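Reading through the structure tokens given below for one structure.
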Amino acid sequence: MREKKRVFVRGIGSYLPDRVLTNGDMEKIVDTSDEWIVSRTGIRERHIAAANQVTSDLAVEAATAAMNNAGIGVGEVDAIIVTTVTPDVAFPATACFVQQKLGMGNCPCMDMEAGCSGVIYGLELAAGLVQWGRYRNILLVAADKLSSVTDWTDRSTCVLLADGASGFIVGGEGEGAAAELLGNHIAADGSGAEFLWMPAGGSRLPATETTVVERQHFLKMNGKEVFKRAVKGMAAAVDQLFSNCQVTADQMRLFIPHQANLRIIEAIAEYLNLPLERFWTVLQRTGNTSSASVGIAWDDAARKGQLQRGDLLTLVAFGAGLTSGAALLRWMR
Ligand SMILES: CC(C)(COP(=O)(O)OP(=O)(O)OC[C@H]1O[C@@H](n2cnc3c(N)ncnc32)[C@H](O)[C@@H]1OP(=O)(O)O)[C@@H](O)C(=O)NCCC(=O)NCCS
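In terms of my numbering, the sequence shown opens at residue 251 and continues consecutively.
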């Protein structure tokens, strides 16, 4: 058997659209208040893409930032993976549009749908391709334009959701890399698939006038159930990862959790018996950016000097599916 290659995140980048909607702006759209949103979620503002900016446009911004950060050009990328729940179109894959917009050559392009666990699922797939030895640099982009599936009349969801993208170059070359991937764990609980979903537009409920009138082409969520399962799912993912990698929570310099709700993050911190300061949060100004969220938070922590060479960090996420996952990395810069 060939020895497994080490896997590195050679570069990381993120993108948030320019337009900001504050909680004050949300008060003008639905019957809500800044006080309710902040106390229930921690969110104060979110970025919303322009009407003509589609998911692949967000992805291209983050991809370009990640390639620059890794110091590589488009010619060195040999596969593109996009994780998203808001593809440009039902088919073909959004990764194909990213390739087209980046003016890249003939590399394989694929999409992966793992809800807000997109980065961690994407790392698993990218790492596998790198370890297999046939791919040197995978462009992994997690991008979502949740505003395109947001029901702006539903106050229980529209205050949470936002747009953004994060990108990574995953490869086998450690020289100059941002981090080494030391372990990864992903899981899913399909019994909760209908707790967070978009009911219509697929083969189960194709688009009709009725589905439009009934507002079935928007994200629907059972908030209470998702909240409970998010805490359980993320706690289980971290436990499994740490057991696999033989590490403990107090060895982590930083946790980078999915940025959905500060109360969910507080519950995980309490479960792990760690102070909240060990959990990097950006949700206050980004809202829930779905697939992109973990990467946006990670990039932010790195740019703000929160990671020193040799630090261990854990990414942990939860999302539609219901998916969950956690990744262990060592910062190398
Ligand atoms: C959505 C969420 C914030 C709601 O918080 P909650 O404390 O569970 O609130 P509830 O659902 O019990 O609603 C309480 C009340 O607030 C109301 N409410 C809901 N959204 C509101 C809003 N934006 N502004 C004001 N009131 C609102 C509800 O209508 C309800 O009123 P009622 O008691 O008169 O029926 C919470 O369930 C949550 O964060 N869930 C997880 C969501 C998530 O992170 N999803 C993404 C995972 S990837």
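Don't be surprised by glycine CBs; every beta carbon is placed ideally from N, CA and C. Just so we're clear, the structure is a prediction, and the values are computed from it rather than from any experiment.
For the alpha helix (DSSP H) containing residue i, list its first residue and its last residue.
i, result
"serine 574", "From DSSP, serine 574 is part of no alpha helix (DSSP H) but of the beta strand (DSSP E) over 573-581."
"valine 488", "473-495"
"threonine 460", "459-463"
"aspartate 307", "305-320"
"alanine 329", "No alpha helix (DSSP H) contains alanine 329, which is instead part of the beta strand (DSSP E) from 329-333."
"leucine 455", "Run containing leucine 455: none; DSSP gives neither H nor E here."
"leucine 533", "533-536"
"arginine 235", "Residue 235 lies beyond the range of the chain shown here (251 to 583); nothing can be said about it."
Output the distance between the C-alpha atoms of residue i and residue j, rounded to the nearest integer angstrom.
i, j, result
"leucine 352", "valine 310", "7 angstroms"
"glycine 555", "alanine 316", "17 angstroms"
"tryptophan 286", "cysteine 346", "41 angstroms"
"aspartate 361", "valine 399", "18 angstroms"
"leucine 504", "glutamine 534", "18 angstroms"
"serine 217", "isoleucine 298", "With the chain running from 251 to 583 in the structure shown, residue 217 is simply not present."
"arginine 256", "threonine 539", "30 angstroms"
"threonine 498", "phenylalanine 529", "15 angstroms"
"asparagine 523", "alanine 567", "18 angstroms"
"leucine 572", "alanine 552", "29 angstroms"
"aspartate 401", "glycine 575", "27 angstroms"
How would you call residue i, buried or exposed, if buried means at least 16 neighbouring beta carbons within 10 angstroms?
i, result
"aspartate 549", "buried"
"leucine 389", "buried"
"aspartate 307", "buried"
"glutamine 350", "exposed"
"threonine 407", "buried"
"isoleucine 211", "Look at the range of the chain in this structure, 251 to 583, and you will see that residue 211 is not part of it."
"arginine 296", "buried"
"aspartate 275", "exposed"
"serine 541", "buried"
"glycine 560", "exposed"
"asparagine 387", "buried"
Considering only heavy atoms of ligand 1, does any lie closer than 6 angstroms to the CB of residue i?
i, result
"tryptophan 286", "yes"
"lysine 554", "no"
"valine 532", "no"
"threonine 336", "no"
"serine 406", "yes"
"valine 481", "no"
"lysine 395", "no"
"phenylalanine 477", "yes"
"valine 409", "yes"
"lysine 470", "no"
"alanine 510", "yes"
"lysine 474", "yes"
By the DSSP assignment, the beta strand (DSSP E) with residue i in it spans what residues?
i, result
"threonine 344", "From DSSP, threonine 344 is part of no beta strand (DSSP E) but of the alpha helix (DSSP H) over 344-352."
"tyrosine 265", "257-265"
"valine 391", "387-395"
"valine 420", "413-421"
"aspartate 361", "359-362"
"alanine 377", "From DSSP, alanine 377 is part of no beta strand (DSSP E) but of the alpha helix (DSSP H) over 368-382."
"arginine 296", "295-297"
"glycine 569", "562-569"
"valine 288", "Valine 288 -> not in any beta strand (DSSP E); alpha helix (DSSP H) instead, spanning 284-291."
"proline 438", "According to the sequence provided, residue 438 is alanine. The question's proline does not apply to it. First-last of the beta strand (DSSP E) with alanine 438: 429-438."
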